[in-house]
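Just below is one structure, and these are the notes that go with it.
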Amino acid sequence: MNDLDPANVPVTNYDTFLEEEHSSADEEYEMQLMPDGLQGKSFAKCLRYWALKTGQKHRAVNMLLQILRTKTSAENIPRSARTLLKTSRTASSTIVPVEGGEFWYGGINNCLQHVLGYA
């Protein structure tokens, strides 16, 4: 089953749904959601802000990116959430100070291999 199939979207009249007019109150509310720091920023930076600020899952971001690439003429839309969000492919080597000590996350795979290698 294709997740992008309109049959999977719970809207009965797609044309009406897509053509609905927004009131000026809606536009004012939308402008309040956009921080001043994003005015004039690239489309990708605004998408990145939205995804991080709203806690979107990579699957949802990937779906949105696919829709944007196929349905708009926007250029330079990343192919994946990892690219858009600049997700690191490697574990961090940074030690972060936290209350009561320091924290380092080396990735579960690397840590388990290290611990089990000595067992």
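Using this note's numbering, read the sequence shown as starting at -5 and increasing by one per residue. Each residue gets a CB set at the ideal place from its N, CA and C atoms; glycine is no exception.
| query | Is it right to say Leu78 is buried, meaning 16 or more other beta carbons lie within 10 angstroms of its own, or is it exposed? | reply | Here residue 78 refers to the residue found at position 84 of the sequence shown. Buried, since its Cβ has 16 or more Cβ neighbours within 10 Å.
| Stretch-stretch touch, CB-based, cutoff 8 Å, three pairs: the region 102 to 113 with the region 64 to 82 | These segments do not touch.
| field | From Gln60, Ala68, Lys47, residue whose alpha carbon lies closest to that of Ser36 | value | Residue mapping note: residue 36 aligns to position 42 of the sequence shown, counting from 1. Comparing Cα positions, the closest option is Ala68.
| Three-state secondary structure (DSSP) of Gly95 | Translated into the one-based positions of the sequence shown, residue 95 becomes position 101. Correct three-state label for Gly95: strand.
| task | To the nearest angstrom, report how far apart Ile118 and Gly101 are at their CA atoms. | result | Not covered by the structure: residue 118. The range shown for the chain is -5 to 113.
| What's the C-alpha gap between Gln33 and Arg42? | The residue you call residue 33 lines up with position 39 of the sequence shown. The residue you call residue 42 lines up with position 48 of the sequence shown. Those two C-alpha atoms are separated by around 14 Å.
| Should Leu59 be labelled buried (16 or more other beta-carbon atoms within 10 Å of its own) or exposed? | The residue labelled residue 59 in the question sits at position 65 within the sequence shown. The residue in question, Leu59, is buried, as its Cβ has 16 or more Cβ neighbours within 10 Å.
| request: Could you spell out the range, first to last residue, of the alpha helix (DSSP H) harbouring Asn103? | output: Within the sequence shown, numbered from 1, the residue matching residue 103 stands at position 109. It spans 102 to 111 - the alpha helix (DSSP H) in which Asn103 sits, taken as one unbroken run.
| request: Taking only the alpha-carbon atoms, compute the straight-line gap between Val92 and Arg53 and give it to the nearest angstrom. | output: In the sequence shown, counting from the first residue as 1, residue 92 sits at position 98. In the sequence shown, counting from the first residue as 1, residue 53 sits at position 59. Near 31 Å, if we compare the C-alpha coordinates of Arg53 and Val92.
| field | Exposure of Val90, with buried meaning 16 or more beta-carbon neighbours within 10 Å | value | If you number the sequence shown from 1, residue 90 lands on position 96. Exposed: under 16 other Cβ atoms inside 10 Å.
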